[in-house]
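One structure below.
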Amino acid sequence: MAKPKVATTSLAGCFGCHMSLLDIDDRILKLVELVDFDKSPIDDIKEFSGRCAIGLIEGGCCNEENVRVLQDFRKHCDILISVGDCATMGGIPAMRNNIPLEECYAEAYLDGPTVHNPSKQIPNDPELPLLLNKVYPCHEVVKIDYHLPGCPPSADTLWEALVALLSDKPVALPYALIKYD
Amino acid sequence: MSASLQAAVQEICQACGNDRTRVMDIVREVQSRFGCVTGEAMDLIAKTVSAHRVEVEGVVSFYAFLSDQPKGEVVIRLCNDVIDEMAGSERIVRAFREALGIDFGQTTPDGRITLEHTPCIGMCDQAPAAMVNDVIVTRLSSDSVWAMVRELKAHMDPKRLVQKLGDGNNAHSLVHAMVENNIRRSGPVIFADLTPGDALKKAVAMSPQEVIRDIKTSRLRGRGGAGFPTGIKWDYTRSAEGAKRYVLCNADEGEPGTFKDRVILTEKAELLFEGMAIAGYAVGAETGILYLRAEYAYLRAFLEDVLNRQRSRGLLGKDVGGKRGFDFDIRIQMGAGAYICGEETALISSCEGLRGDPKNRPPFPAQKGYLGCPTTVNNVETFCCVARILDKGPGWFAQLGSQGSSGTKLLSISGDCKSPGVYEVPFGVKLREVLKMAGAEEALAVQVGGPSGQMVGEKDYDRSICYDDLATGGSVMVFGPQRNLLHVVSKFLEFFVEESCGYCTPCRVGNVLLKERVDRILAGQGEEADLAYLQDLGQTVKMASRCGLGQTSANPVLSTLKNFRSMYESLLRKPIDGKQLSFDIHQALADAQTVVGRQSVHF
Ligand SMILES: Cc1cc2nc3c(=O)[nH]c(=O)nc-3n(C[C@H](O)[C@H](O)[C@H](O)COP(=O)(O)O)c2cc1C
Ligand code: SF4
Ligand code: SF4
Ligand code: FES
Numbered sequence: 107m108a109k110p111k112v113a114t115t116s117l118a119g120c121f122g123c124h125m126s127l128l129d130i131d132d133r134i135l136k137l138v139e140l141v142d143f144d145k146s147p148i149d150d151i152k153e154f155s156g157r158c159a160i161g162l163i164e165g166g167c168c169n170e171e172n173v174r175v176l177q178d179f180r181k182h183c184d185i186l187i188s189v190g191d192c193a194t195m196g197g198i199p200a201m202r203n204n205i206p207l208e209e210c211y212a213e214a215y216l217d218g219p220t221v222h223n224p225s226k227q228i229p230n231d232p233e234l235p236l237l238l239n240k241v242y243p244c245h246e247v248v249k250i251d252y253h254l255p256g257c258p259p260s261a262d263t264l265w266e267a268l269v270a271l272l273s274d275k276p277v278a279l280p281y282a283l284i285k286y287d
Numbered sequence: 010m011s012a013s014l015q016a017a018v019q020e021i022c023q024a025c026g027n028d029r030t031r032v033m034d035i036v037r038e039v040q041s042r043f044g045c046v047t048g049e050a051m052d053l054i055a056k057t058v059s060a061h062r063v064e065v066e067g068v069v070s071f072y073a074f075l076s077d078q079p080k081g082e083v084v085i086r087l088c089n090d091v092i093d094e095m096a097g098s099e100r101i102v103r104a105f106r107e108a109l110g111i112d113f114g115q116t117t118p119d120g121r122i123t124l125e126h127t128p129c130i131g132m133c134d135q136a137p138a139a140m141v142n143d144v145i146v147t148r149l150s151s152d153s154v155w156a157m158v159r160e161l162k163a164h165m166d167p168k169r170l171v172q173k174l175g176d177g178n179n180a181h182s183l184v185h186a187m188v189e190n191n192i193r194r195s196g197p198v199i200f201a202d203l204t205p206g207d208a209l210k211k212a213v214a215m216s217p218q219e220v221i222r223d224i225k226t227s228r229l230r231g232r233g234g235a236g237f238p239t240g241i242k243w244d245y246t247r248s249a250e251g252a253k254r255y256v257l258c259n260a261d262e263g264e265p266g267t268f269k270d271r272v273i274l275t276e277k278a279e280l281l282f283e284g285m286a287i288a289g290y291a292v293g294a295e296t297g298i299l300y301l302r303a304e305y306a307y308l309r310a311f312l313e314d315v316l317n318r319q320r321s322r323g324l325l326g327k328d329v330g331g332k333r334g335f336d337f338d339i340r341i342q343m344g345a346g347a348y349i350c351g352e353e354t355a356l357i358s359s360c361e362g363l364r365g366d367p368k369n370r371p372p373f374p375a376q377k378g379y380l381g382c383p384t385t386v387n388n389v390e391t392f393c394c395v396a397r398i399l400d401k402g403p404g405w406f407a408q409l410g411s412q413g414s415s416g417t418k419l420l421s422i423s424g425d426c427k428s429p430g431v432y433e434v435p436f437g438v439k440l441r442e443v444l445k446m447a448g449a450e451e452a453l454a455v456q457v458g459g460p461s462g463q464m465v466g467e468k469d470y471d472r473s474i475c476y477d478d479l480a481t482g483g484s485v486m487v488f489g490p491q492r493n494l495l496h497v498v499s500k501f502l503e504f505f506v507e508e509s510c511g512y513c514t515p516c517r518v519g520n521v522l523l524k525e526r527v528d529r530i531l532a533g534q535g536e537e538a539d540l541a542y543l544q545d546l547g548q549t550v551k552m553a554s555r556c557g558l559g560q561t562s563a564n565p566v567l568s569t570l571k572n573f574r575s576m577y578e579s580l581l582r583k584p585i586d587g588k589q590l591s592f593d594i595h596q597a598l599a600d601a602q603t604v605v606g607r608q609s610v611h612f
């Protein structure tokens, strides 16, 4: 039987959650015995090659491209997991949610202390995704099946959750793995 | 520092004995004289009564009727609850805006008039209604609003807005209100006559224990909502350790749709005060406090006068009722606009000059209540029942009503009915009969017990009004076939969001989330899974909240999910490709498209 496929992506995140996934160290060898990686920065596959069992989402949605990718993940994955506080709650990027978008653009491209932009033009190349009015946690954009909190969730947390899912067992996260202070 | 403020604050504090437990009275007085309690005033008060500034500021920031920002000389507070909305308050809102040229939450540029919203002011049977400072104006129309604003601008005297006086004591010179009693049905307990002193004299002829025994025999249960047996509460209070004991009367009447205590206070204050004195005798208290909601401030002078009359009759003061050594008197504590202060431990906090935060229980007020002393808190109507029980005998009372719920109950009925008003009915009466009395046979739904109660429909109309079936502190709101019940639920949640004291997360956050999800469904963006979410979250809020507010705030959701599920279901949609219906990408991109000046390439 073919191995189930896992896809991962980083939306408005810092890649810290992916780093944490790599932190499972040598267990990654076990992981590739259990699953194949599909679309993911880990193997640099850019487009889905088929249906996936699990999609791991790092980061929330701050721009239109994030939304497109997330919707694509929802379409291709049986189970979507929001990984980390950015995906589950918006996290650090959502700190901009209290500032009007126009001011955010102005700070980034016009008025910021390190900005040099004599033309006073806000970049509008179609390659640059438009920002959303605020940063959304993933479950406000598409249906999310599970949330793994943490910034980032530890390698052990990710490992335990993945193995439990793949072996169809209830996930048992001991207190130490979901305690944050 | 302005010398006049300093002098005034000192004088006000002095009048309250520089007592920090009287901070409520002090800040209320400063507010009324200066239109706000500024930081400077707070500092002065704190210094004068030896409190910390933050304690004073905590009080000022807690109550809706207090503020640290200047308000107009006249503050207009329009009720924005659902009953008023049904009575057409939308037109009133527009008229106020246009006539004053300001929006709600604003003050006219000349600083004279402030316009605000407020939850139920207990005038639901004569809605739309508003407060103009302490003056109540009812049955508003756009015309009356325009006329009112014109007059106010001319003389700035809210009292002169009252032209037609209401019935009964509403026309008393000390009340002078256009409020109507609308007593539609009188019963033998509350609205019957009583010769002042009769009940009290019978009480003091017995021992306090015998009085408590009689109250137990009558099977009287509290009328404020929770229905705790009054005799047992008094027994606990009497037998608890403490040098002093207190009797507190809960006249906060904040549950939207409840206005029966207002009518008792207007017409049956003697009965109430006699009941309080009997309670004082039974539990061994010398002091009673009537906690009067700020919305009923227009009754204060009148009530003070009734207190004086009771004193001159020997029914308050020294050797009350002719009983050697039984001294008992009552003071009035004004509230300042906070529903939570109806919760008995919050009410006690408020009487102690603190923020109206509920306290942890145990200890219960009967053990450690006001100022740490054993305290009984009872509803206005409960005390009236007490006086009647002492006069007519516990057996007489116990045979009224039903087995588990003896006596009669005042219902305040409002909404879509022909005869809104106050009804004294025997407990056990069927809801259908009640609806018939009020001319509301067409009702699509009835909210029994106010927002914290439950919403029931036709199939429940043959259930009875009593503690063991459909319990209510008095509020009965009727919704006709033309009403959107989900909108009503949303309005109720808005009320709880506004009135939560914020102490515990399930209530502070949970109610916001409940409202958000209900609104989502209302907007046609709900899906099947949202119903399970609401059920789950509702139960969590109910179970995990600290006080009665959070323990009941999810009831509008939970009871409509149970009784009107199809109404939710008819609004649900099926999501496509797992996308959230509530996420609107075009709206989310609108700002950026304007700023950047191009359209999306993805959507
Ligand atoms: C949020 C909240 C608001 C309340 N408001 C009132 C009120 O306005 N009047 C009242 O008598 N009881 C109110 N209660 C009930 C009181 O806590 C208390 O049970 C009651 O005053 C006791 O008097 P009783 O035994 O005579 O009913 C409220 C309770 C809660 C939780
Ligand atoms: S949750 Fe923390 S580690 Fe993960 S993407 Fe966000 S900021 Fe980075
Ligand atoms: S349940 Fe609500 S009102 Fe009661 S203590 Fe908690 S936050 Fe305050
Ligand atoms: S006065 Fe408006 S709802 Fe009661």
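Respectively, the protein sequence lines represent chains R and S. As numbered in our numbering, residues 107 to 287 make up the first sequence, in order. As numbered in our numbering, residues 10 to 612 make up the second sequence, in order. Backbone N, C-alpha and C define an ideal beta-carbon position, used for all residues, glycine too.
Say whether chain R places a C-beta atom closer than 8 Å to the C-beta of residue i.
i	result
residue 585 of chain S	no
residue 607 of chain S	yes
residue 610 of chain S	yes
Are the C-beta atoms of residue i and some chain S residue less than 8 Å apart?
i	result
residue 164 of chain R	no
residue 203 of chain R	no
residue 208 of chain R	yes
residue 223 of chain R	no
residue 238 of chain R	yes
residue 232 of chain R	yes
residue 211 of chain R	yes
residue 189 of chain R	no
residue 180 of chain R	yes
residue 152 of chain R	no
residue 133 of chain R	no
residue 139 of chain R	no
residue 173 of chain R	yes
residue 249 of chain R	yes
residue 246 of chain R	yes
Since residue i and residue j are thought to touch, with beta carbons under 8 Å apart, how far apart are those beta carbons, to the nearest angstrom?
i	j	result
residue 68 of chain S	residue 108 of chain S	Actually they are not in contact, since the Cβ atoms of residue 68 of chain S and residue 108 of chain S sit about 33 Å apart, beyond 8 Å.
residue 238 of chain R	residue 598 of chain S	7 Å
residue 365 of chain S	residue 258 of chain S	Residue 365 of chain S to residue 258 of chain S, Cβ: 16 Å. No contact.
Using the three-state DSSP reduction, which class does residue i fall into: helix, strand or coil?
i	result
residue 253 of chain R	strand
residue 250 of chain S	coil
residue 39 of chain S	helix
residue 339 of chain S	strand
residue 259 of chain S	strand
residue 208 of chain S	helix
residue 488 of chain S	strand
residue 515 of chain S	helix
residue 181 of chain R	helix
residue 115 of chain S	strand
residue 161 of chain R	strand
residue 432 of chain S	strand
Is residue i close to ligand 6? I mean its beta-carbon at under 7 Å from any heavy atom of the ligand.
i	result
residue 28 of chain S	Although ligand 6 was asked about, the structure shown includes only ligand 1, ligand 2, ligand 3 and ligand 4 as ligands.
Is there a Cβ from chain A that is less than 8 Å from the Cβ of residue i?
i	result
residue 228 of chain R	Judged by its chain identifiers, the structure shown contains no chain A, and its protein chains are R and S.
> Looking at C-beta atoms only, is the number of pairs between the segment 423 to 431 of chain S and the segment 309 to 325 of chain S that lie closer than 8 Å three or more?
Replying inline: No, they do not touch.
> Taking Cβ-Cβ distances below 9 Å as the criterion, which residues of the segment 588 to 603 of chain S are in contact with chain R?
Replying inline: For the segment 588 to 603 of chain S, residues whose beta-carbon sits nearer than 9 Å to a beta-carbon of chain R comprise 588, 589, 591, 592, 594, 596, 597, 598, 599, 600, 601, 602 and 603.
> Given 8 Å as the limit, is there contact between the segment 429 to 442 of chain S and the segment 186 to 196 of chain S, that is, 3 or more CB pairs closer than that?
Replying inline: Contact between the segment 429 to 442 of chain S and the segment 186 to 196 of chain S is present: 3 or more CB-CB pairs across the two stretches fall below 8 Å.
> How do the segment 384 to 391 of chain S and the segment 350 to 361 of chain S stand: do at least 3 beta-carbon pairs fall below 8 Å, yes or no?
Replying inline: With the cut-off at 8 Å, the segment 384 to 391 of chain S and the segment 350 to 361 of chain S touch.
>> Tell me whether the segment 201 to 213 of chain S and the segment 177 to 184 of chain S touch, counting them as touching only if at least three CB pairs, one residue from each stretch, are closer than 8 Å.
In response: The answer is no - the segment 177 to 184 of chain S does not touch the segment 201 to 213 of chain S, with fewer than three Cβ pairs under 8 Å.
> Taking three-plus beta-carbon pairs below 8 Å as touching, is the segment 245 to 257 of chain R in contact with the segment 134 to 141 of chain R?
Replying inline: Fewer than three Cβ pairs drawn from the segment 245 to 257 of chain R and the segment 134 to 141 of chain R lie within less than 8 Å of each other, which leaves the two stretches out of contact.
> Using 8 Å as the threshold, is the segment 148 to 162 of chain S in touch with the segment 437 to 454 of chain S, meaning 3 or more CB pairs across them?
Replying inline: As far as the Cβ criterion goes, the segment 148 to 162 of chain S does not touch the segment 437 to 454 of chain S, which means the pair count is below three.
>> Under 8 Å, with one C-beta from each stretch per pair, do the segment 556 to 566 of chain S and the segment 497 to 505 of chain S reach the 3-pair mark?
In response: Yes: at least three Cβ pairs fall under 8 Å.
> Taking contact to mean at least 3 C-beta pairs separated by less than 8 Å, is the segment 255 to 264 of chain R in contact with the segment 539 to 553 of chain S?
Replying inline: No: the two stretches stay apart, fewer than three of their Cβ pairs being nearer than 8 Å.
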